[in-house]
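FYI, the numbering for the first sequence is 203 to 1139, going by my numbering. What follows is a single structure, written as structure tokens, with notes after it.
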Amino acid sequence: MDYNFSEIERKWQQRWQDNETYAVTEKADSPKYYVLDMFPYPSGAGLHVGHPLGYIASDIIARYKRNRGFNVLHPMGYDSFGLPAEQYAIQTGQHPEITTQTNIARYRQQLDRIGFAYDWNREVRTSDSEYYQWTQWIFGQIFNAWFNKDANRAEHINTLVERFKANGTYGVNAAQDANWHENLPKEKFFFGSHFEGEFTATDWKSMNDEQQQLILMHYRLAYLADSVVNWCPALGTVLANDEIKDGVSERGGHPVEQKKMRQWSMRISAYAERLLQGLETIDWNESIKEVQRNWIGRSEGASVQFALDGHDAHIEVFTTRPDTIFGVSFMTLAPEHELVSRITTDEYRDSVNAYVEAAKLKTERDRQSEVKNISGQFTGAYALHPFTGDKIPVWIGDYVLAGYGTGAVMAVPCGDQRDYDFAKKFALPIPNIFRDTDISEKAEASKDAVLAQSHMLDGHSYKTAMPIIIAELEKVGVGKGKINYRMRDAVFSRQRYWGEPFPIYYEGEIPRLVSDDALPVELPEVDKYLPTESGEPPLARANAWRVGGHKPDFNTMPGWAGSSWYFLRYMDPRNSNAFADRSKIDYWNQVDLYMGGAEHATGHLLYSRFWTKILFDMGYIGFDEPFKKMINQGMILGRSNHVYRIMGTNRFVTAERKDEFETQQLYVDIHIVDNDVLDTEAFKKWLPEYADAEFILNEKGQYTCTYAIDKMSKRWFNVDNPDELCEKYGADTLRLYEMFLGPVEQSKPWDTKSINGVHNFLRKLWRLFHDHDNNFQISDESASKEELKTLHKTIKKITEDLDRYSWNTCVSGFMICVNELQDLKCSKREVLEPLLILLSPFSPHIAEELWEKLGNEHSITQATWPSFDESKMKDDSFDYPVSFNGKTRYFLPLGVELSGAEVEAAVRANEQTARYLEGKEIKKIIVVPKRIVNVVA
RNA sequence: GCCUAGGUGGCGGAAUUGGUAGACGCGCACGACUCAAAAUCGUGUGUCUUCGGGCGUGUGGGUUCGAUUCCCACCCUGGGUACCA
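Shown next as structure tokens:
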């Protein structure tokens, strides 16, 4: 064999490992570049060809930047806490640690074969206690923080305590739950019924430690609270909003119900505005930014209080259209709204209770699927219009969500379609407050509509009415302008085994933070990985487990805890004194290029931004956005093949004739199909049920399959794994081919049959360096003008394409270059040596091998990226396409130094011009030097 | 519905600032080498054609000497999201 890739790749992978070629340290005198891949969860299935796509692309950039003189940090690790290992443990009793180790070993083996430039000395695993010690430590920092809204940043809880000591709550503007004070256990405090969360310094000092801790818990950024959570009975745990898709759990698709539980939460809502603003400063793709914007869900409007008739209470609503307040004809509360039971009159109590119970039983999915079924129930209570004093009936309805705004709406049926439908269904009045607008069929939601019957707002539309009504609300004292965010705080406890334990112990009911020197709080051993019989989390099975002699917290942290800060740990992975040394964090700074899937838009990518902002506020890092630029690789889809079995028989008919029979379409393993032609003998051996299959073939005597593009999955038999391809074609070919498929961000089908194209390219390259008998042969003659032109054109192409992250066009650039050099029969060092450097980020093994054969002693990874010389690329003449009225008619070779006027003269003088003019007059001639000539006639 | 990315040969795709549409690769066809096959190499390959040329980048319009590229309207596909008040 001429190009013996298996030997070459084995040799260089070994040598890189022996020489620690990819180990990096901080170097003050060179610029840094941080290239990061989203670290994988090591699943049992191993890698398929879709996984390495992003890794290869980022590896190429890492190698390229290194050749360009950057000190490149390019690490890899494992997000190794997670459900699959735990579920496997539940089924088999095998410790998740074992499963995880086995899977990691397999991943590592697969990754190594592809020849990545990772600094494996920096590997991190989120399930290692030396890693999660610092996840716990960061949790402690968040626990010990509150959010000062005036400064728009987090501060240490001690600054709050100092303020309480000095002035009580006076002047404190903190991010907290609305009405937080109502959730304090009243029996433990001396506050009267008038208490609205304000207290004096004297009050504070008179509180005992337990009382103070109970108060502080309502300020902390990581806090324990009774909250309505998404409880997933099948998984036995609570889930965050982003872990639920279409009303069922993202993992497993199990139903999720609403349940009030005592849980840790993260006060991410405090950062809503900064998370939104920060998006403007980072170079991410617009659709991901948009998903985050929607998730944050900022909307401007007003909060308005409606007094309740006959009650010492009011309903607070948030509305984006306070200008339509004179169109309110009823109010709707979410069935879960806390006022419901209080205000319901005896007359309606039974039906209200029935409605509330029914709503409780519905899952999120049921509620969503019943969009068309409007339901609701009158409570018997009335609210009072803040301006007119009119009595407004109060209804409950499950189209109002407890989790958005205040869980109550002022219904303006003439201006909102849902309110309109509700009013129609229950025959409620629909007063029209728009001038010259017909609302007999549907609501008028346009912001341009002109208001009428609206007192001070008459004649205004939304834009001008807003400031007036907000000022009016404030004057009367029943409301104010407000910005509302959809984003809720993130539930942070999971009732699972395989996750980070909390660095928390309990003194009575009071949670206390474990001191730094007692970290990590290690995951205890348990006999089984299931929840206890009493429904407590699996950690409660560790009967003897104590933290600092006290009762520990039996919950674990969610999957996103460890992944929210791993990019920082890579900077200083073995530090046992800090999560990372500040000087190293300052050196490596933000991730310059982050590569990964777009599916983490509202999970990992939001939470790591959140944690980064907290760490920034607390003074541990010097930047508040983690990932400066991000590229999301598209999914690689599988190409699956089908065969057609004639119903009720074991006969298979070729695709051309399938319509002649009644057939059943079946998937067939793509490995026994070549170019859509089935290997019928292999098919018989593939599965026992096909052993005596018979075939109806086409005219050529072949069995043709049809194909489809599906996700890669074992059940479509269309999975290709990288190991097989490395075996068959080599890692360099695989790397090149994955890049050649198309733009990295685009989803595209995987089709193994075209891989031989890039494989042939590498063999052609090899032959440039070798004679017919595969002897290395290279010439030291100086290169010709043509050869230099090809080289410099290629340097320019590859450099510019890499700078704009266009990997696929680089590969065709290499092919063009090698084709040209082959035509020129070029085997000159002056040309081939720089070419190898250009190719080395893409196909490092063959590049190293040929580089060494050229007599270089150091690895090609240390070579300097060649620069291009425009003068070497210049042609003496250019073949001008001459077009007439935009249609190209003939070509005219002219000197490149000719001016526009000279080119025009040459075109006028050419005898072909007259022919294409067909007797018409030349009106104008447009000349773009070295591009085109257009004759306008 | 809304947001977002896209629509170019048989297939994957290229065309960076408005300047020769289809680079590069696959596939296909023919040829060379071979007893033969594989591999390799070479030639051709958008489409129609009366061989002059005509038509061609989802559709219809517009701007321009010139539009895959810019503008307007619409259609289709992928991804995301939704009783959000």
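Glycine is no exception: its CB is placed at the ideal position from the N, C-alpha and C atoms. Everything numeric in this text was worked out from a predicted model, so none of it was measured.
Counting only the same chain and skipping the five closest in sequence on each side, list residues whose C-beta sits under 8 Å from that of Lys1010. In the first sequence, the residue the question calls residue 1010 occupies position 808. Sequence check: residue 1010 is Asn here, not Lys. In chain order, Met941, Phe942, Leu943, Gly944, Pro945 and Val946 place their CB closer than 8 Å to the CB of Asn1010, counting only its own chain and leaving out the 5 sequence neighbours on each side.
Beta-carbon spacing of Met759, Gly701 below 8 Å: The residue labelled residue 759 in the question sits at position 557 within the first sequence. The residue labelled residue 701 in the question sits at position 499 within the first sequence. A contact, by the Cβ cut-off of 8 Å.
Bridge partners of Tyr236, per DSSP? For this step, residue 236 is matched to residue 34 along the first sequence. According to DSSP, Tyr236 bridges with Leu275.
Give me the Cα-Cα distance between Glu724 and Tyr664, rounded to the nearest whole angstrom. By one-based count along the first sequence, residue 724 stands at place 522. By one-based count along the first sequence, residue 664 stands at place 462. Rounded to whole angstroms, Glu724 to Tyr664 spans 58 Å at the Cα level.
Of the residues Thr814, Arg1117 and Arg937, the one placed nearest Gln343, counting alpha carbons only: Your numbering for residue 343 matches position 141 in the first sequence. The candidate whose alpha carbon is nearest that of Gln343 is Thr814.
In the DSSP assignment, what are the bridge partners of Pro739? In the first sequence, the residue the question calls residue 739 occupies position 537. Paired residues: none, contrary to the question.
Straight-line CA distance for Phe812 to Gly836? Position 610 of the first sequence holds residue 812. Position 634 of the first sequence holds residue 836. For the pair Phe812 and Gly836, the Cα-to-Cα distance works out to about 25 Å.
Are Pro1068 and Leu1040 closer than 8 Å when you measure CB to CB? Translated into the one-based positions of the first sequence, residue 1068 becomes position 866. Translated into the one-based positions of the first sequence, residue 1040 becomes position 838. In this structure, Leu1040 lies closer than 8 Å to Pro1068 by Cβ.
Which residue's Cα is closest to the Cα of Leu927: Phe829, Val960 and Ala403? As a position in the first sequence, residue 927 is number 725, starting the count at 1. When the alpha-carbon of Leu927 is set against those of Phe829, Val960 and Ala403, the nearest one is in Val960.
With DSSP collapsed to three states, give me the class of Asn597. The sequence position of residue 597 within the first sequence is 395, counting from 1. The sequence shown places Trp at residue 597, rather than the Asn named in the question. Here Trp597 sits in strand by DSSP.
So is Ile635 buried or exposed if we call it buried at 16+ other beta carbons inside 10 Å? In the first sequence, residue 635 corresponds to position 433, counting from 1. Under this definition Ile635 is a buried residue.
Start and end residues, alpha helix (DSSP H) containing Tyr822: Within the first sequence, numbered from 1, the residue matching residue 822 stands at position 620. That residue, Tyr822, is in no alpha helix (DSSP H); it is neither H nor E in DSSP.
Pick out whichever of Thr337, Tyr235 and Glu288 has its Cα sitting closest to the Cα of Arg265. The count along the first sequence starts at 1 and reaches residue 265 at position 63. For Arg265, the closest alpha carbon among the candidates Thr337, Tyr235 and Glu288 is that of Tyr235.
DSSP three-state label for Thr1090, please. For the purposes of this step, residue 1090 is taken as the residue at position 888 of the first sequence. Here Thr1090 sits in strand by DSSP.
Mind checking which residues open and close the alpha helix (DSSP H) that includes Asn496? Counting from 1 along the first sequence, the entry for residue 496 is found at position 294. From DSSP, the alpha helix (DSSP H) with Asn496 extends over Glu488 to Ile498.
Hey, Arg469 and Asp691 are a contact pair by Cβ (cut 8 Å); roughly how many whole angstroms apart? Translated into positions along the first sequence, residue 469 becomes position 267. Translated into positions along the first sequence, residue 691 becomes position 489. So it is a contact: roughly 5 Å between Cβ atoms.
As assigned by DSSP and simplified to three states, the class of Tyr606: The residue you call residue 606 lines up with position 404 of the first sequence. Coil at Tyr606, not helix or strand.
If I measure Cβ to Cβ from Lys753 and keep anything under 8 Å in the same chain, skipping five residues before and after, which residues do I get? Here residue 753 refers to the residue found at position 551 when the first sequence is read from its first residue. Once the five neighbours on either side are set aside, the close Cβ partners of Lys753 are Tyr707 and Tyr708.
Assuming Glu400 contacts Thr361 (C-beta within less than 8 Å), just tell me the rounded distance between them. Numbered from its first residue, the first sequence carries residue 400 at position 198. Numbered from its first residue, the first sequence carries residue 361 at position 159. The pair is not a contact, with the Cβ atoms about 19 Å apart (cut-off 8 Å).
May I ask you to check if the CB of Pro722 is nearer than 7 Å to at least one heavy atom of the ligand SAH? This structure lacks the ligand SAH; in fact it carries no ligand of any kind.
Quick one: Cα of Trp433 to Cα of Gln460, how far? What you label residue 433 is simply residue 231 of the first sequence in a count that begins at 1. What you label residue 460 is simply residue 258 of the first sequence in a count that begins at 1. In a straight line, the C-alpha of Trp433 is about 6 Å away from that of Gln460.
Straight-line gap, Asp819 to Arg771 (C-alpha atoms, nearest Å): Counted from its first residue, the first sequence places residue 819 at position 617. Counted from its first residue, the first sequence places residue 771 at position 569. Going from the Cα of Asp819 to the Cα of Arg771 covers about 18 Å.
If you check the beta carbons only, do Asp934 and His1060 fall under 8 Å apart? If you number the first sequence from 1, residue 934 lands on position 732. If you number the first sequence from 1, residue 1060 lands on position 858. If you check the CB distance, Asp934 and His1060 do not come in under 8 Å.
If we call anything under 8 Å between Cβ atoms a contact, is Glu988 one with Leu1037? Taking the first residue of the first sequence as 1, we reach residue 988 at position 786. Taking the first residue of the first sequence as 1, we reach residue 1037 at position 835. Glu988 is not a Cβ neighbour of Leu1037, given a cutoff of 8 Å.
How many whole angstroms separate the CB atoms of Phe1080 and Lys1132, which I take to be in contact at a CB cut-off of 8 Å? The residue you call residue 1080 lines up with position 878 of the first sequence. The residue you call residue 1132 lines up with position 930 of the first sequence. The pair is a contact, with the Cβ atoms about 5 Å apart (cut-off 8 Å).
If distances are taken between C-alpha atoms only, which option among Ala353, Trp382 and Ser577 comes closest to Asn375? Walking along the first sequence from the start, residue 375 turns up at place 173. Among Ala353, Trp382 and Ser577, the Cα nearest to that of Asn375 belongs to Ala353.
If we call anything under 8 Å between Cβ atoms a contact, is Trp968 one with Tyr257? Taking the first sequence and counting its residues from 1, one reaches residue 968 at position 766. Taking the first sequence and counting its residues from 1, one reaches residue 257 at position 55. Taking 8 Å as the Cβ cut-off, Trp968 and Tyr257 do not qualify as a contacting pair.
Cβ pair Gly764, Thr328 closer than 8 Å: Position 562 of the first sequence, counting from 1, holds the residue named residue 764. Position 126 of the first sequence, counting from 1, holds the residue named residue 328. Between Gly764 and Thr328, the gap from beta carbon to beta carbon is short of 8 Å.
State whether the stretch 599 to 619 contacts the stretch 507 to 526, with contact taken as three or more CB pairs (one from each stretch) at a distance under 8 Å. In the pairwise beta carbon analysis, the stretch 599 to 619 is classified as touching the stretch 507 to 526: at least three pairs are separated by under 8 Å.
Cβ pair Glu1032, Leu1056 closer than 8 Å: Start at 1 with the first residue of the first sequence, and residue 1032 comes out as number 830. Start at 1 with the first residue of the first sequence, and residue 1056 comes out as number 854. No; because the gap between Cβ atoms is not below 8 Å, this pair is not in contact.
Residue burial classification, Ala720 (beta-carbon count within 10 angstroms, cutoff 16): Here residue 720 corresponds to residue number 518 of the first sequence, with the count starting at 1. That one is exposed.
Bridge partner(s) assigned by DSSP for Ile1134: Locating residue 1134 in the first sequence gives position 932, where the first residue counts as 1. Paired residues: Val1130.
DSSP three-state label for Phe392, please. Mapped onto the first sequence, residue 392 falls at position 190. It is coil, neither helix nor strand.
Roughly how many whole angstroms lie between the Cα atoms of Trp1053 and Ile1062? Taking the first residue of the first sequence as 1, we reach residue 1053 at position 851. Taking the first residue of the first sequence as 1, we reach residue 1062 at position 860. Taking the straight line from one Cα to the other gives about 7 Å.
Measuring alpha carbon to alpha carbon, tell me which residue in Glu299, Arg698, Tyr789 and Asn385 is nearest His420. One-based indexing of the first sequence puts residue 420 at position 218. Nearest C-alpha to His420: Asn385.
Local conformation of His961 per DSSP, three classes: What you label residue 961 is simply residue 759 of the first sequence in a count that begins at 1. Note: His961 maps to helix in three-state DSSP.
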